[in-house]
Amino acid sequence: MFFELVRFILYSGLIVLIAKYILVITLRKLAENLNLKPKTVGDIAGYATSVPELLTISISSMNGLIGTSIFNVVSSNIINFIQYIVTIFLNKNKKAFSNSAIKIDIVLVIITILIPVFLIWKNIELNLLIVPAFLILYVLFGYINHNVHKLYLENEDHEIEKQIREETKKEEGNTRKTVLYILILLGTGILLYVIGELLGETLNRLCYQFGISQVIIGILLGFITSIPEMVTFFEAQKHYKEKNVNDILGVVEATNNLLTSNVLNLFLIQSIGILIYTFLKG
Numbered sequence: 006m007f008f009e010l011v012r013f014i015l016y017s018g019l020i021v022l023i024a025k026y027i028l029v030i031t032l033r034k035l036a037e038n039l040n041l042k043p044k045t046v047g048d049i050a051g052y053a054t055s056v057p058e059l060l061t062i063s064i065s066s067m068n069g070l071i072g073t074s075i076f077n078v079v080s081s082n083i084i085n086f087i088q089y090i091v092t093i094f095l096n097k098n099k100k101a102f103s104n105s106a107i108k109i110d111i112v113l114v115i116i117t118i119l120i121p122v123f124l125i126w127k128n129i130e131l132n133l134l135i136v137p138a139f140l141i142l143y144v145l146f147g148y149i150n151h152n153v154h155k156l157y158l159e160n161e162d163h164e165i166e167k168q169i170r171e172e173t174k175k176e177e178g179n180t181r182k183t184v185l186y187i188l189i190l191l192g193t194g195i196l197l198y199v200i201g202e203l204l205g206e207t208l209n210r211l212c213y214q215f216g217i218s219q220v221i222i223g224i225l226l227g228f229i230t231s232i233p234e235m236v237t238f239f240e241a242q243k244h245y246k247e248k249n250v251n252d253i254l255g256v257v258e259a260t261n262n263l264l265t266s267n268v269l270n271l272f273l274i275q276s277i278g279i280l281i282y283t284f285l286k287g
């Protein structure tokens with residue numbers, strides 16, 4: 006069992022390192038090359054940092070470990086939120102919490118934590134009936150997020166465009182870089198898939214041969230797969246401080262990273278896990 010645990014840590018760590026040092030960095034460069042706004046960059050970072058959860062939850066479901074997936078989601082979402090709060094205080098950006106858009110986004114994040122906690126508390130079975138509700142909530146949360154930013158951050162967005170236009174102009178329209186970043190992302194996706202397959206085999210042996218609880222494995226996966234978010238929360242705020250622009254820009258990016266990641270984990274990735282589990286079980 007010792008060697009299986011070593012493999013579990015090794016494969017999980019590789020997924021996190023690849024997501025942190027290749028996937029997230031490449032996506033940021035691609036976003037800047039395309040001259041995207043902080044909110045959009047945060048959304049993209051949220052998708053990038055949810056790749057480890059997508060892999061671990063899909064692999065767990067393929068191996069019949071659906072219980073692992075919900076504990077992976079709840080631990081990831083809780084840890085993401087704690088890490089976000091810590092980075093805000095360490096970067097002395099507490100004043101950004103006075104913005105209504107940020108407040109509403111944080112409420113949405115808290116809901117993404119309460120829902121899986123409720124499912125676990127009530128011992129509600131993860132089945133196909135939950136998937137439509139999750140997908141509706143995924144769209145609803147996206148709609149709310151888009152509109153509150155449009156309503157409460159429109160003035161800041163105009164300031165963003167004025168303050169960082171010169172910084173991003175040199176990257177604008179660089180097609181060769183865009184193609185390079187896309188190719189790197191494709192190669193990274195293939196590499197993550199291969200490592201994910203190895204992790205799936207290890208999870209299967211740990212649960213079925215050695216009897217380790219799905220709860221324990223799910224929580225461990227949550228800790229491991231939340232590391233990329235911590236990196237991007239810090240990096241987002243540092244990025245805009247170094248440009249000497251409005252501090253709220255880094256908070257906007259970090260907050261959208263957090264919300265997008267948590268929403269994806271719970272509503273979309275968990276739904277994928279349920280579909281995989283149900284299909285293979287049937």
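Just so we're aligned: the sequence shown equals residues 6 to 287 in our numbering.
A virtual CB, placed ideally from N, CA and C, is assigned to each residue, including glycine.
| Check | Outcome |
| --- | --- |
| Could you check where the alpha helix (DSSP H) with residue 67 kicks off and where it finishes? | 56-67 |
| Can you list, in chain order, the residues of its chain with a C-beta nearer than 6 Å to that of residue 78? Leave out the 5 residues immediately preceding and following it. | 121, 270, 271 and 275 |
| How long is the line joining the alpha carbons of residue 234 and residue 215, rounded to whole angstroms? | 31 Å |
| According to DSSP, is residue 131 part of a helix, a strand, or is it coil? | coil |
| Please list the terminal residues of the continuous alpha helix (DSSP H) segment that includes residue 6. | No alpha helix (DSSP H) contains residue 6, which DSSP labels as neither H nor E. |
| Look at the alpha carbon of residue 260 and the alpha carbon of residue 44, and state the distance between them as a whole number of angstroms. | 8 Å |
| Pairing CB atoms from the stretch 180-191 with CB atoms from the stretch 134-154, are three or more of them under 8 Å? | no |
| What are the start and end residues of the alpha helix (DSSP H) that includes residue 123? | 105-126 |
| Keeping to the same chain, check which residues put their C-beta closer than 7 Å to that of residue 8; ignore five residues upstream and five downstream. | none |
| What did DSSP end up calling residue 41 once you bin it into helix, strand or coil? | coil |
| Counting only beta-carbon separations shorter than 8 Å, does residue 157 have a partner in chain C? | Although the question refers to chain C, the structure presented lacks it and comprises just one protein chain. |
| What's the gap between the Cα of residue 97 and the Cα of residue 103? | 13 Å |
| Check whether the stretch 217-232 and the stretch 78-91 are in contact - that is, three or more C-beta pairs closer than 8 Å. | yes |
| Can you tell me whether residue 257 is buried or exposed? The criterion is at least 16 other CB atoms within 10 Å of its CB, across all chains shown. | buried |
| Closer than 6 Å by C-beta to residue 24: which residues in its own chain qualify, once you throw out the five before and the five after it? Chain order, please. | 56, 57 and 233 |
| From which residue to which residue does the alpha helix (DSSP H) around residue 245 run? | 232-247 |
| So, with DSSP's three-state summary, where would you put residue 255? | helix |
| Closest to residue 64 by C-alpha separation, out of 37, 20 and 48, would be which residue? | 20 |
| If you count every other CB in all the chains shown that lies within 10 Å of the CB of residue 254, and 16 or more means buried, which is it? | buried |
| Considering just the uninterrupted stretch of the alpha helix (DSSP H) at residue 87, what are its terminal residues? | 71-95 |
| By how many angstroms is the C-alpha of residue 60 removed from the C-alpha of residue 200? | 9 Å |
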